[in-house]
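Colleague: Per my numbering, residue 19 is the first one in the sequence shown, and the count goes up by one each step.
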Amino acid sequence: MKAIVVTEPGGPEKLVWTEVDDPRPGPGELLVRVRATAVNRADVSQREGHYPPPPGASDILGLEMAGEVAALGEGVTGWHVGQRVFSLLSGGGYAELVTVPASHCLPIPDYFDFIQAAAVPEVFLTAYRNLVDHGRIQAGQRVLIHAGASGVGTAAIQLAKLRGAWVAATAGSPEKVARCLQLGADAAFNYREGPFAPKVLEATGGRGVDVILDPVAAAYWEQNQQVLAWGGRLIVIAVMGGTRIEAHLGQLLRQNWQLIGSTLRAQSDEYKADLTRRFWEECEPAFRDGRLRPVIDRVFPLREAAAAHRYMEENRNVGKIILTVDGPES
Ligand SMILES: NC(=O)c1ccc[n+]([C@@H]2O[C@H](COP(=O)([O-])OP(=O)(O)OC[C@H]3O[C@@H](n4cnc5c(N)ncnc54)[C@H](OP(=O)(O)O)[C@@H]3O)[C@@H](O)[C@H]2O)c1
19 MKAIVVTEPG GPEKLVWTEV DDPRPGPGEL LVRVRATAVN RADVSQREGH YPPPPGASDI
79 LGLEMAGEVA ALGEGVTGWH VGQRVFSLLS GGGYAELVTV PASHCLPIPD YFDFIQAAAV
139 PEVFLTAYRN LVDHGRIQAG QRVLIHAGAS GVGTAAIQLA KLRGAWVAAT AGSPEKVARC
199 LQLGADAAFN YREGPFAPKV LEATGGRGVD VILDPVAAAY WEQNQQVLAW GGRLIVIAVM
259 GGTRIEAHLG QLLRQNWQLI GSTLRAQSDE YKADLTRRFW EECEPAFRDG RLRPVIDRVF
319 PLREAAAAHR YMEENRNVGK IILTVDGPES
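#1: In the DSSP assignment, find the beta strand (DSSP E) that holds W35 and state where it starts and stops.
#2: Quick one: Cα of T172 to Cα of V195, how far?
#3: Going by alpha carbons, who is nearest to V313 out of R197, T188, I163?
#4: For L143, does the count of other Cβ atoms within 10 angstroms reach 16, so buried, or fall short, so exposed?
#5: Could you tell me whether the region 284-298 touches the region 254-273, where touching means 3 or more Cβ pairs closer than 8 Å?
#6: Take Y329 and list the residues in its own chain whose beta-carbon comes closer than 7 Å to its own, dropping the five residues that flank it on each side.
#7: Helix, strand or coil: how does DSSP classify E47 here?
#8: In this structure, how does DSSP classify R42 when only helix, strand and coil are distinguished?
#9: Does DSSP put V218 in a helix, a strand or coil?
#10: Would you call E114 buried or exposed, if buried means 16 or more other Cβ atoms sit within 10 Å of its Cβ?
#11: Please classify Y129 as buried or exposed, where buried requires at least 16 other C-beta atoms within 10 Å of its C-beta.
#12: Is any heavy atom in ligand 1 found nearer than 7 Å to the beta carbon of M258?
#13: At a cut-off of 7 Å, is R197 close to ligand 1 when judged by its beta-carbon and the heavy atoms of the ligand?
#14: Take F132 as the anchor and find which of P213, G74, F104 has the nearest alpha-carbon.
#15: Roughly how many whole angstroms lie between the Cα atoms of R160 and K217?
#16: Going straight from the alpha carbon of S356 to that of I78, what length do you get?
#17: Is DSSP giving P125 helix, strand or coil here?
#18: According to the Cβ coordinates, are L49 and A21 closer than 8 Å?
#19: Could you check whether V234 and I155 sit closer than 8 Å to each other, using their CB atoms as the reference points?
#20: Taking V245 as the reference, which of A236, G224, M83, L90 has the closest Cα?
#21: Is V94 helix, strand or coil when you go by DSSP?
#22: To the nearest angstrom, how far is the alpha carbon of L310 from that of A174?
#23: May I ask which residues mark the beginning and end of the beta strand (DSSP E) holding D232?
#24: Ligand 1 and A193: does the residue's C-beta get closer than 7 Å to at least one heavy atom of that ligand?
#25: Alpha carbon to alpha carbon, what distance is there between I255 and G91?
#26: Ligand 2 and S105: does the residue's C-beta get closer than 7 Å to at least one heavy atom of that ligand?
#27: R26 by DSSP, collapsed to three states: which one?
So, in structure tokens, the structure goes:
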């Protein structure tokens with residue numbers, strides 16, 4: 019098969035479309051002919067050599083896919099060759115073929131094409147894990163979503179609104195702020211136009227927020243503390259704004275705060291299967307009637323993955339960047 023391979027750690031030019039061995043499905047796995055995959059920020063870090071794949075995972079990039087079942091591994095039941103499936107991957111999506119535990123796969127509903135299906139798993143499962151499992155958000159609670167126009171942010175805004183929360187977002191341009199509001203955010207602030215904390219406090223009548231979903235980390239620590247309400251959960255999902263902070267743990271104690279670090283890729287196969295099942299059970303009806311939708315910014319052919327990476331690194335996307343593999347419907 020053909021795949022995008024990282025020839026050596028470095029820039030987007032290190033991504034090369036080349037011939038590699040076909041993967042073979044192990045027990046409990048499906049072999050899938052990939053029709054669409056997507057770019058995630060983690061792919062950029064992995065390409066640069068900063069984020070090695072977990073043990074046992076493919077060293078080919080790509081954390082999600084939509085495609086057609088090409089073969090069933092030993093012991094797999096309930097799936098058939100040719101069936102349209104989509105899933106999270108621990109790697110291997112930037113390729114014509116990929117193997118994945120059958121328990122991680124969902125059938126693509128008739129209202130999604132491959133591009134839409136490939137835009138869902140990584141960002142919506144990240145949002146679900148963090149807002150539901152960690153954030154325990156309830157109707158009426160207040161949530162702040164940083165990088166609100168990112169792939170994860172666009173999913174998280176919609177999911178938090180679906181669960182009845184009041185939602186604020188931050189983003190880095192007036193256009194991105196407008197998109198966050200269109201997606202349902204009750205308030206959105208351009209962090210380049212001054213500190214977000216006073217604006218969030220003003221918008222919440224001084225009460226602050228119950229949950230913060232934060233991929234920025236150190237650069238937002240001080241302001242996050244200013245806006246996190248008593249009993250609040252600060253969930254760190256990346257460190258785009260640095261790793262080092264000086265913390266006053268007495269304040270954490272007094273405020274009954276929870277500081278949570280969370281990476282989806284490192285979770286067990288069992289957890290990912292259970293997360294996928296719970297997510298789809300709750301959210302499928304909302305995708306069906308349009309209350310949730312995949313947010314797709316641009317589509318590139320997989321062989322042009324380098325251009326897609328440059329586009330993401332320039333922070334130009336709102337929502338997902340999709341990579342398509344040649345095929346009838348993609
Ligand atoms: N822990 C997990 O399980 C997990 C899973 C998936 C993703 N993530 C993380 O979630 C984040 C979003 O992922 P994605 O793939 O959806 O990303 P994405 O679509 O590439 O969006 C990232 C956005 O973050 C903003 N940004 C970049 N650097 C920033 C900085 N220093 N300070 C503030 N904002 C900054 C930019 O938007 P602006 O123009 O608004 O600045 C950029 O477009 C990434 O950090 C990713 O690593 C974590």
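Every residue gets a Cβ at the ideal spot worked out from N, C-alpha and C, and that includes glycine.
Bear in mind the structure is a predicted one, so any value in this text is a computation, not a measurement.
Modeller: Taking the coordinates as given:
#1: 33-37
#2: 11 Å
#3: R197
#4: buried
#5: no
#6: R316, N335, I339
#7: strand
#8: coil
#9: helix
#10: buried
#11: exposed
#12: yes
#13: no
#14: F104
#15: 14 Å
#16: Given a span of 19 to 348 for the chain in the structure shown, any question on residue 356 remains unanswerable.
#17: strand
#18: no
#19: no
#20: G224
#21: coil
#22: 10 Å
#23: 227-232
#24: A quick correction: the sequence has Glu, not Ala, at residue 193. Not under cutoff, so the answer is no.
#25: 33 Å
#26: This structure does not include ligand 2; its bound ligands are ligand 1.
#27: Note on residue identity: the sequence assigns Glu, not Arg, to residue 26. Correct three-state label for E26: coil.
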